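Here's the structure we're looking at; comments come further down.
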Amino acid sequence: MLYRALLKPWLFRLDPERTHELALRWLERAQGSARLSGLIERLAGPARSDRRLEQELFGLHFKNPIGLAAGFDKNGRLIQILPRLGFGFLEVGTVTFHPQAGNPRPRLFRLPRQAALINRLGFNNEGAQRVAARLARLGRPPVPLGINLGKSRDVPLDEAPDDYLRSFRLLYQLGDYFVINVSSPNTPGLRRLQSAERLSRLLEALGAENQRLAGSAAAPKPLLLKIAPDLEPAELDQLLEVALAQGLAGIIATNTTIAREGLSAGESWPYGEGGLSGRPLAARSTAIIREIYRKTEGQLPIIGVGGIMSAADAWEKLRAGASLLQLYTGLIYRGPGLVSRIIRELSVKMQQAGYRQIKQISARVGQEEKQ
Ligand SMILES: Cc1cc2nc3c(=O)[nH]c(=O)nc-3n(C[C@H](O)[C@H](O)[C@H](O)COP(=O)(O)O)c2cc1C
-16 MLYRALLKPW LFRLDPERTH ELALRWLERA QGSARLSGLI ERLAGPARSD
34 RRLEQELFGL HFKNPIGLAA GFDKNGRLIQ ILPRLGFGFL EVGTVTFHPQ
84 AGNPRPRLFR LPRQAALINR LGFNNEGAQR VAARLARLGR PPVPLGINLG
134 KSRDVPLDEA PDDYLRSFRL LYQLGDYFVI NVSSPNTPGL RRLQSAERLS
184 RLLEALGAEN QRLAGSAAAP KPLLLKIAPD LEPAELDQLL EVALAQGLAG
234 IIATNTTIAR EGLSAGESWP YGEGGLSGRP LAARSTAIIR EIYRKTEGQL
284 PIIGVGGIMS AADAWEKLRA GASLLQLYTG LIYRGPGLVS RIIRELSVKM
334 QQAGYRQIKQ ISARVGQEEK Q
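According to my numbering, the sequence shown holds residues -16 to 354 in order.
Below, the structure written as structure tokens:
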């Protein structure tokens, strides 16, 4: 309420990237103060804890299925305050081995009528070494922490495995799960890592290193793959085959889209290239989640992301087969109270539908489809 009536109209008059930097700075300041952190939590609204929303997945405990998508906290500055908004897990990054400035500005655009964003940031981040030092300093957050890894822009595609490996080693002890991002549209050539051959090579290298770093005492870290919503059906098939063969813990579907469907020409053209997120992405990403669930017969956990702005959107993705969800653009349009609102409403929906566990949602849909 407060956000939409007061803060948003003011923030939306500023340049989108400056607004983001401002929000990061405010939240970082609040993180350092018990009083301000408490205030943020009260403003975000009471998060309900509900056994029905809890789950164990790839060896981690999630108190609710709503996570923060990669890109909001690229450098891991806010890992202690963001759980106060109600998030059940966080994902920081994308982190690359080399620090990089990203593409020239302007590179982030709002499309308010569509509740969408277009970005071509290009993995601006401080690099794995600095992010690792910060995460170590801030300490483990009270919810599972994912770290999203990408390829440094200046590293050729053929050397991508080594580049990912160097970041992975530096960050290994600090994350609960790792995401291999091969789907950002804003690093030239990156999406070609989604082809079966390159992907196998990359996942093999990371899988072997994962075993080595875990040693004999601990379980290897869950590795997930984040995919684009613009894959052809045959490409998705191949990718899933590789993911299953390599024993990945799950798939994150999806990243932003390079498509512009659902946008009027006037809204899409002035902004140039970039990845589209928010409401226009919702149906496309849900369709991919459904495809993955169907093709893998529910064997591969899916984190569903793309255009979640309400509990109804979240429910749709759970029904399509997602086990966990993430959001980013919804926070910009609906404000920091969105997470706890979705959780409260999901809780009610679960109760009304008579579900005791999240996985019953997609299982029921699967059964209905077979009948
Ligand atoms: C400004 C911005 C920056 C993003 N940066 C990243 C990133 O660094 N790595 C990544 O995997 N996804 C990134 N994403 C994609 C989001 O994680 C998410 O997959 C996508 O935006 C769809 O979700 P949404 O509609 O809830 O925003 C970014 C999205 C936005 C809007």
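The C-beta atom is built at its ideal place from N, Cα and C for all residues, glycine as well. No experiment lies behind these values; they were computed from the predicted model shown.
Assuming Y147 and K134 make a contact with CB atoms under 8 Å, what is their CB distance in whole Å?
Numbered from its first residue, the sequence shown carries residue 147 at position 164. Numbered from its first residue, the sequence shown carries residue 134 at position 151. Indeed, because the Cβ distance is near 7 Å, the residues count as touching under 8 Å.
C-alpha distance - A305 paired with Q334, whole-angstrom precision
By 1-based counting over the sequence shown, the position of residue 305 is 322. By 1-based counting over the sequence shown, the position of residue 334 is 351. Going from the Cα of A305 to the Cα of Q334 covers about 19 Å.
Is any heavy atom of ligand 1 found at a distance shorter than 7 Å from the C-beta of N58?
Along the sequence shown, read from residue 1 onward, the residue named residue 58 stands at position 75. Checking the Cβ of N58 against ligand 1 gives no.
Span of the beta strand (DSSP E) around K204
Counted from its first residue, the sequence shown places residue 204 at position 221. Segment: none, K204 is in no beta strand (DSSP E) and carries neither H nor E.
Own chain, CB closer than 6 Å to D56, minus 5 neighbours either side, in chain order:
As a working mapping, residue 56 is identified with position 73 in the sequence shown. Excluding residues within five positions, the ones whose Cβ falls inside 6 Å are V75.
Along the alpha helix (DSSP H) that carries L176, what are the first and last residues, could you check?
In the sequence shown, residue 176 corresponds to position 193, counting from 1. Unbroken run through L176: none, as it is neither H nor E.
In three-state terms, what does DSSP make of E74?
Start at 1 with the first residue of the sequence shown, and residue 74 comes out as number 91. Here E74 sits in strand by DSSP.
Would you call G172 buried or exposed, if buried means 16 or more other Cβ atoms sit within 10 Å of its Cβ?
For the purposes of this step, residue 172 is taken as the residue at position 189 of the sequence shown. Exposed, by the Cβ-count rule.
Put H3 into one of helix, strand or coil per three-state DSSP.
Along the sequence shown, read from residue 1 onward, the residue named residue 3 stands at position 20. In the structure shown, H3 sits in a helix (DSSP, three-state: H, G or I).
Looking at the unbroken alpha helix (DSSP H) that takes in G21, where does it start and where does it end?
Your numbering for residue 21 matches position 38 in the sequence shown. Run containing G21: A17 to A27, per the alpha helix (DSSP H) assignment.
What are the boundary residues of the beta strand (DSSP E) that includes A266?
Counted from its first residue, the sequence shown places residue 266 at position 283. Per DSSP, A266 belongs to no beta strand (DSSP E); it is in the alpha helix (DSSP H), A265 to K278.
Measuring straight from C-alpha to C-alpha, what distance separates R324 and A297?
For the purposes of this step, residue 324 is taken as residue 341 along the sequence shown, with counting starting at 1. For the purposes of this step, residue 297 is taken as residue 314 along the sequence shown, with counting starting at 1. Computed Cα separation, rounded: 11 Å.
Quick check: the Cα distance between A270 and A303, rounded to an integer number of angstroms?
As a first step, residue 270 must be located in the sequence shown, where it is residue number 287. As a first step, residue 303 must be located in the sequence shown, where it is residue number 320. Roughly 8 Å between the two C-alpha positions.
7 Å Cβ shell around G71 - same chain, five flanking residues per side excluded:
Here residue 71 is taken as the residue at index 88 of the sequence shown, counted from 1. F45, K46, N47, P48, I49, G50 and V126.
Just the Cα atoms here: how many angstroms apart are A202 and Q194?
Sequence index remark: in the sequence shown, residue 202 carries index 219 (1-based). Sequence index remark: in the sequence shown, residue 194 carries index 211 (1-based). Their Cα atoms are separated by approximately 8 Å.
Cβ-heavy atom distance, G233 to ligand 1, below 7 Å
What you label residue 233 is simply residue 250 of the sequence shown in a count that begins at 1. No.
To which residues of the same chain is K278 closer than 6 Å at the C-beta, ignoring the five residues directly before and after it?
Mapped onto the sequence shown, residue 278 falls at position 295. Excluding sequence neighbours, K278 sits near L223.
Anyone know if the C-beta pair for F161 and K204 falls short of 8 Å?
Within the sequence shown, the letter at position 178 stands for residue 161. Within the sequence shown, the letter at position 221 stands for residue 204. Their beta carbons are under 8 Å apart, which means F161 touches K204 by this criterion.
How far does the alpha helix (DSSP H) with V322 in it reach, from first residue to last?
On the sequence shown, residue 322 is found 339 positions in, with the first residue counted as 1. Its alpha helix (DSSP H) spans residues L321 to A336.
Using 10 angstroms around the beta-carbon of G15, count the other beta-carbons present and answer buried if the total reaches 16, otherwise exposed.
Numbered from its first residue, the sequence shown carries residue 15 at position 32. When all chains shown are included, G15 counts as exposed.
Ligand 1 heavy atom lying under 7 Å from the CB of N86:
In the sequence shown, residue 86 corresponds to position 103, counting from 1. No, Cβ of N86 sits at least 7 Å from all heavy atoms of ligand 1.
Uninterrupted alpha helix (DSSP H) stretches inside the region 111 to 195 (no shorter than 4 residues)
111 to 121 and 143 to 154
Residues in its own chain within less than 7 Å of R(-13) by CB, not counting five upstream and five downstream?
Counted from its first residue, the sequence shown places residue -13 at position 4. So the qualifying residues of the chain are G318.
Identity of the residues DSSP links to I286 by a beta bridge
Locating residue 286 in the sequence shown gives position 303, counting from the first residue. I286 pairs with I235 and L307.
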